[in-house]
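Protein chains in written order, with the numbering used here: chain A, 1 to 257; chain B, 1001 to 1573.
Ideal placement from N, C-alpha and C gives every residue a C-beta, glycine not left out.
Quantities reported herein were computed from a predicted structural model and do not represent experimental measurements.
First the structure, in the form of structure tokens, and then the observations on it.
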């Protein structure tokens, strides 16, 4: 279902509505009532539009050119996709990491300043540490992740005679658990630190603004009824009942020129 | 060789709440002030795309760049301190407005007990109540003496709160300038349950404005929109009081204030008795400048204030072995961890909505508002329910025993995303002889200057406090109509990895004894009377509250002290 949506063309009427409503205008204090109106009217718009032209092929301009690799090899990408899907799997509640684009998110993050720990203190010397002192390794995130992914493959090949992407989901879980518990000793790869990084990146990829490549179509937010980037809840903050809103992303908020 | 600049009246190091307040007050009084900020300039226009949890909350957009400077940490003197390489336990701000930009806006005055904690503890329980090694100190100022300065801060920031606070919380000579924030269903449940138990709930006083407000300086600000992006974020509406939208424009309007951003102060120049100025580096070019001044004011975060004194060799460094000296003494933190989660199967709450200072709390178990005779700890905690806006990356609510990943993790977090109300204690932190700040012998910042080293751990006092407060949070949560409640009443060794609180205190403590304190109650340095140091670094211990209210009041007190000093010189006490 979410896949169908990803193929849907950009909804121009939605954009116009947002612009008109004032939520996309910066610096203006808008009443929370707008959030409520947007939520309800967008839901209607979605419902009305779906049956109108369900089979229209997506024009080429709607291909997601952002979905390409900045850092990973294709193998590393596929391992990341498979592993993150086990951490956050597709189920009856909705899409998993794979469909949400989490592996693209992780790839892009590793190619960013975050991947090279540019704002972390990475000066030597590096000493053995207490757990309470936090990360004390010289590995940068992109190095740790790449080595860890290779180690995932090596460990599953050693254990199951197949690379990580080819073993059964339960076996993938067993491999990941061995890394989580730091039971894997391969080429000096800190297994638990790698698993933690992969785990955190997966959660971030599921729930960060879709501008970063994950949380495709805000489907991560929709599953937990997170309304995303709303400007105001002034008029609804006191309500007793739970208010479902169609989420908004930072893209909806963009107003250039 | 540093370029020597023309001498100025007053130079302030750091342009957060303290620097901003002092700059505004002194320039209004006609003094010329230079303000140095090592980070960039910024304003509300920078926050147009601020609703971005990844960028601001988990990539720390507004925080200090640790690759340039961090701190080192160890639990005890027996182990080697190692650098805090990535963010975790607390977040140091950077840029104009400092940590005053990314705060939640929770405003408290501290209790009268806090300011005279030693005397009042001994009076009620005797000296033997204070355990070996706990370096409890009176602050050298009373609540009554500080009260007018709280009022000044409240009027400036537009603090929103109840007309009156419970008697055991605050006697206020003037009510808050704006009414309380709106009440959410969760706040009502907390309030009703606490009342039924005979406690005294009130709305958390808030620097997120409940209504449009014009302050005595003529600064107008709009009401809070409850968008749920306060902590770790700047406010695009200017509704959350921060220095950039309150005091700094006032200072700039006088024409007597010169703000220099990207100016990283590295040393206080002095002759052992007086400061003659400061040295700073222009960050983009690396050029060094010497800024002579009549008065030097340290208004940095806790670590900056302590570190500048130590690297400049001004004041007596604290030595825990001989228990002598003062700079670095009484480092304290915040004792969090006591909490109860109330799970509701039959209803959902709008947990994405909120404001940093939206919530209800009680102080029935804070300070000495309850009898400690049979308890193995001092002080207590503000117990509260807050609705600050829960965001999906950082908030993964699961009942105890849920796996950390996989299908059951996913289902539990999705199910509980809007079904949990958390009641938590913000515990006070008592000072100990072996909790302190000094210079690290090995690790240096990007300019080659030693990093500050923190030696700190949780004590038996903290473990007992958490156990006690947790039971109170459970008692309240149990009365809130939830399906189940789960209590956390255990804290262990202090660990710098998980985020806990950006309420670091101590190191340049205030007091009435020059031997054990760094500054007097005008925040004037005992060892150099033209140096003033202000911030949470002045706290001899940390109370069961957020510290900004007290920091703000102390900043107004400092401004008054500097004004007096500029007129008559010498020691002010």
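With 16 other Cβ atoms within 10 Å as the buried cut-off, status of residue i
i	result
residue 1083 of chain B	buried
residue 131 of chain A	exposed
residue 1093 of chain B	buried
residue 1301 of chain B	buried
residue 50 of chain A	Note that residue 50 of chain A scores 42 on pLDDT, short of 50, meaning its location in the model is unreliable; the coordinates nonetheless yield the value given after this. With fewer than 16 Cβ atoms within 10 Å of its Cβ, residue 50 of chain A is classed as exposed.
residue 1546 of chain B	buried
residue 1356 of chain B	buried
residue 65 of chain A	exposed
residue 1344 of chain B	buried
residue 1472 of chain B	buried
residue 1360 of chain B	buried
residue 1460 of chain B	exposed
residue 1140 of chain B	buried
residue 1091 of chain B	buried
Start and end residues, alpha helix (DSSP H) containing residue i
i	result
residue 132 of chain A	Run containing residue 132 of chain A: none; DSSP gives neither H nor E here.
residue 199 of chain A	191–207
residue 85 of chain A	74–87
residue 1020 of chain B	1017–1028
residue 1124 of chain B	1117–1125
residue 1564 of chain B	1548–1568
residue 1153 of chain B	1143–1157
residue 141 of chain A	141–160
Neighbour flag for residue i against chain B, beta carbons, 8 Å
i	result
residue 127 of chain A	yes
residue 32 of chain A	Because the pLDDT of residue 32 of chain A is 32, which lies under 50, any placement of that residue in the model is unreliable, and the question is left without a value.
residue 108 of chain A	no
residue 40 of chain A	Residue confidence for residue 40 of chain A is low, a pLDDT of 34 falling below 50, so the modelled location carries little weight; the figure read from the coordinates is stated next. No - not a single Cβ of chain B is within 8 Å of the one on residue 40 of chain A.
residue 262 of chain A	This structure cannot speak to residue 262 of chain A, because chain A is shown only from 1 to 257.
residue 190 of chain A	no
residue 242 of chain A	yes
9 Å Cβ cut-off: residues of chain B touching residue i
i	result
residue 253 of chain A	1048, 1049 and 1051
residue 225 of chain A	1348, 1352, 1414, 1417 and 1418
residue 167 of chain A	The premise fails here: residue 167 of chain A is roughly 16 Å from chain B at the closest Cβ pair, so nothing lies under 9 Å.
Residue-chain proximity (residue i, chain A), Cβ-Cβ < 8 Å
i	result
residue 1005 of chain B	no
residue 991 of chain B	No information on residue 991 of chain B is available, as it lies outside the stretch 1001 to 1573 that chain B covers here.
residue 1405 of chain B	yes
residue 1227 of chain B	yes
residue 1206 of chain B	no
residue 1392 of chain B	yes
residue 1201 of chain B	no
residue 1124 of chain B	no
residue 1411 of chain B	yes
residue 1602 of chain B	Only positions 1001 to 1573 of chain B appear in the structure, and residue 1602 of chain B is not among them; the question remains open.
Of the listed residues the options, nearest to residue i (C-alpha basis)
i	options	result
residue 1326 of chain B	B:1539, B:1242, B:1482 and B:1169	B:1539
residue 213 of chain A	A:75, A:93 and A:98	A:98
residue 1490 of chain B	B:1275, B:1476, B:1466 and B:1521	B:1466
residue 77 of chain A	A:211, A:248 and A:150	A:150
residue 202 of chain A	A:236, A:139, A:105 and A:228	A:105
residue 1575 of chain B	B:1306, B:1230 and B:1138	Absent from the model: residue 1575 of chain B. The displayed extent of chain B is 1001 to 1573, so no value can be given.
residue 1215 of chain B	B:1200, B:1176 and B:1201	B:1176
residue 198 of chain A	A:179, A:208 and A:163	A:179
residue 1488 of chain B	B:1341, B:1396 and B:1454	B:1341
residue 173 of chain A	B:1270, B:1405 and B:1193	B:1405
residue 113 of chain A	A:71, A:205, A:88 and A:136	A:71
residue 1166 of chain B	B:1120, B:1334, B:1050 and B:1366	B:1366
Chain B residues whose Cβ lies nearer than 8 Å to that of residue i
i	result
residue 250 of chain A	1049, 1051 and 1052
residue 118 of chain A	1067
Per-residue contacts from residue i into chain A (C-beta, under 9 Å)
i	result
residue 1466 of chain B	Chain A residues near residue 1466 of chain B: none, gap ~17 Å exceeds 9 Å.
residue 978 of chain B	Chain B is shown only over 1001 to 1573; residue 978 of chain B falls outside these bounds and no answer can be derived.
Partner residues on chain B for residue i, Cβ-Cβ distance less than 7 Å
i	result
residue 134 of chain A	1084, 1085, 1086, 1088, 1496 and 1497
Enclosing beta strand (DSSP E) for residue i [first to last residue]
i	result
residue 1437 of chain B	1436–1444
residue 1036 of chain B	1033–1036
residue 1292 of chain B	1288–1298
residue 1486 of chain B	1484–1488
residue 1500 of chain B	Taken as a continuous stretch (DSSP letters only), residue 1500 of chain B belongs to no beta strand (DSSP E), as it is neither H nor E.
residue 1385 of chain B	1381–1386
residue 169 of chain A	Per DSSP, residue 169 of chain A belongs to no beta strand (DSSP E); it is in the alpha helix (DSSP H), 169–180.
residue 125 of chain A	Unbroken run through residue 125 of chain A: none, as it is neither H nor E.
Neighbour list for residue i in chain A, Cβ cutoff strictly below 7 Å
i	result
residue 1214 of chain B	Result: empty, since nearest Cβ-Cβ is about 15 Å, beyond 7 Å.
Residue i: CB within 7 Å of a non-hydrogen atom of the ligand ZN
i	result
residue 1353 of chain B	Ligands in the displayed structure: none, and consequently the ligand ZN is not present.
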